[in-house]
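A short write-up of the structure that comes next.
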Amino acid sequence: MDSNELNSPGFDIPPEIKGQIAITSLDRIYNWGRSASVWPLMFGLACCAIEMICTAASRFDLARFGMEIMRPSPRQSDLMIVSGTVTKKMMPTIVRLYNQMPEPKYVLAMGACASGGGPFKEGYNVVSGVDRFIPVDVYVPGCPPTPQALLNGLMKVQEKIRGESIKNSRWYKKGSDLAEIPIPILGPDLIDPRKLDLIKNEAKLQEQA
Ligand code: SF4
Numbered sequence: 017m018d019s020n021e022l023n024s025p026g027f028d029i030p031p032e033i034k035g036q037i038a039i040t041s042l043d044r045i046y047n048w049g050r051s052a053s054v055w056p057l058m059f060g061l062a063c064c065a066i067e068m069i070c071t072a073a074s075r076f077d078l079a080r081f082g083m084e085i086m087r088p089s090p091r092q093s094d095l096m097i098v099s100g101t102v103t104k105k106m107m108p109t110i111v112r113l114y115n116q117m118p119e120p121k122y123v124l125a126m127g128a129c130a131s132g133g134g135p136f137k138e139g140y141n142v143v144s145g146v147d148r149f150i151p152v153d154v155y156v157p158g159c160p161p162t163p164q165a166l167l168n169g170l171m172k173v174q175e176k177i178r179g180e181s182i183k184n185s186r187w188y189k190k191g192s193d194l195a196e197i198p199i200p201i202l203g204p205d206l207i208d209p210r211k212l213d214l215i216k217n218e219a220k221l222q223e224q225a
């Protein structure tokens, strides 16, 4: 089969529109539109956020990727960039924001802290990775990652979006796994530093038992 046959739509195209129309798949155009207009949720948690802010400024310019419209509301965002140290006190708020974002939504863990606790791993007040509570699509290593590294991570998010199919998308399926993530509670799910004495005493009692 020669290339002309391969590219043929299987019916005659009137000569007046030849060379003026493009034929593509629904998936391709749907994903192209989504990947070229990702709106990140605007919030930062620690030093990594400064690099994220640099990435949005003129030198690196997120507008080249269609991502310059950072939204201050989860209701209008489809990408959560977790940029910085996630404290136990902050985690319930992050989960709540994630739940409030509409599908399809994506999460990028920026830097060592968001990915696994970073230099504060096992610290009394820090979560050892945001993926313990919400699903992460792309991890960007570094402490902090450079703007170039973040841009690479954002391009990975775009690659992921372009590889999805409207047919298998979870957000159009009835009864799929779109249930809200339970908000972690300080105490049962996360340690409340105000109850440290109580926790220590209970740990001691368990040791002695
Ligand atoms: S990964 Fe490093 S630069 Fe980023 S928030 Fe943690 S300590 Fe700061």
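Per our numbering, residue 17 is the first one in the sequence shown, and the count goes up by one each step.
A virtual CB, placed ideally from N, CA and C, is assigned to each residue, including glycine.
Note that the coordinates shown come from a computational prediction; the quantities given were computed from them, not determined experimentally.
Bridge-paired residues (DSSP) for residue i
{"i": "Ala125", "result": "Val98 and Tyr155"}
{"i": "Thr103", "result": "Val142"}
{"i": "Pro56", "result": "Leu95"}
{"i": "Arg87", "result": "Leu57"}
{"i": "Leu212", "result": "Answer is none; Leu212 lacks a bridge partner."}
{"i": "Leu202", "result": "Leu206"}
Three-state class that DSSP yields for residue i in the structure shown
{"i": "Thr71", "result": "helix"}
{"i": "Pro135", "result": "helix"}
{"i": "Leu194", "result": "coil"}
{"i": "Asn184", "result": "coil"}
{"i": "Gln116", "result": "helix"}
{"i": "Gln36", "result": "coil"}
{"i": "Thr162", "result": "coil"}
{"i": "Phe81", "result": "helix"}
{"i": "Ala130", "result": "helix"}
{"i": "Gly179", "result": "coil"}
{"i": "Ala225", "result": "coil"}
{"i": "Ser41", "result": "coil"}
{"i": "Asp147", "result": "helix"}
{"i": "Ala62", "result": "coil"}
{"i": "Pro30", "result": "coil"}
{"i": "Lys172", "result": "helix"}
Identity of the residue in the options nearest residue i by Cα
{"i": "Ser185", "options": "Arg75, Pro30 and Pro120", "result": "Pro120"}
{"i": "Thr71", "options": "Tyr140, Asn168, Asp94 and Ser181", "result": "Asn168"}
{"i": "Trp48", "options": "Leu113, Ala219, Pro90 and Gln174", "result": "Gln174"}
{"i": "Glu84", "options": "Arg91, Ile69 and Val98", "result": "Ile69"}
{"i": "Ala52", "options": "Ala62, Ala65, Asp94 and Ile66", "result": "Asp94"}
{"i": "Met171", "options": "Pro160, Tyr155, Ile182 and Ile110", "result": "Tyr155"}
{"i": "Pro157", "options": "Ile37, Phe59, Phe27 and Cys64", "result": "Cys64"}
{"i": "Leu166", "options": "Val123, Gln36, Gly145 and Ala38", "result": "Val123"}
{"i": "Val54", "options": "Pro90, Ser74, Leu42 and Glu32", "result": "Pro90"}
{"i": "Lys176", "options": "Gln92, Arg148 and Arg44", "result": "Arg44"}
{"i": "Gly127", "options": "Thr101, Ile39 and Gly139", "result": "Thr101"}
{"i": "Glu196", "options": "Phe27, Ile39 and Val111", "result": "Val111"}
{"i": "Ala62", "options": "Phe149, Pro160, Pro88 and Tyr140", "result": "Pro160"}
Cβ of residue i within 8 angstroms of any chain C Cβ
{"i": "Pro157", "result": "Considering every chain present, this structure includes no chain C. It has just one protein chain."}
(request) Report all residues for which the CB-ligand distance to some heavy atom of the ligand SF4 is below 6 angstroms; order them along the chain. (result) Ala62, Cys63, Cys64, Gly100, Thr101, Gly127, Ala128, Cys129, Gly134, Pro135, Cys159 and Pro160
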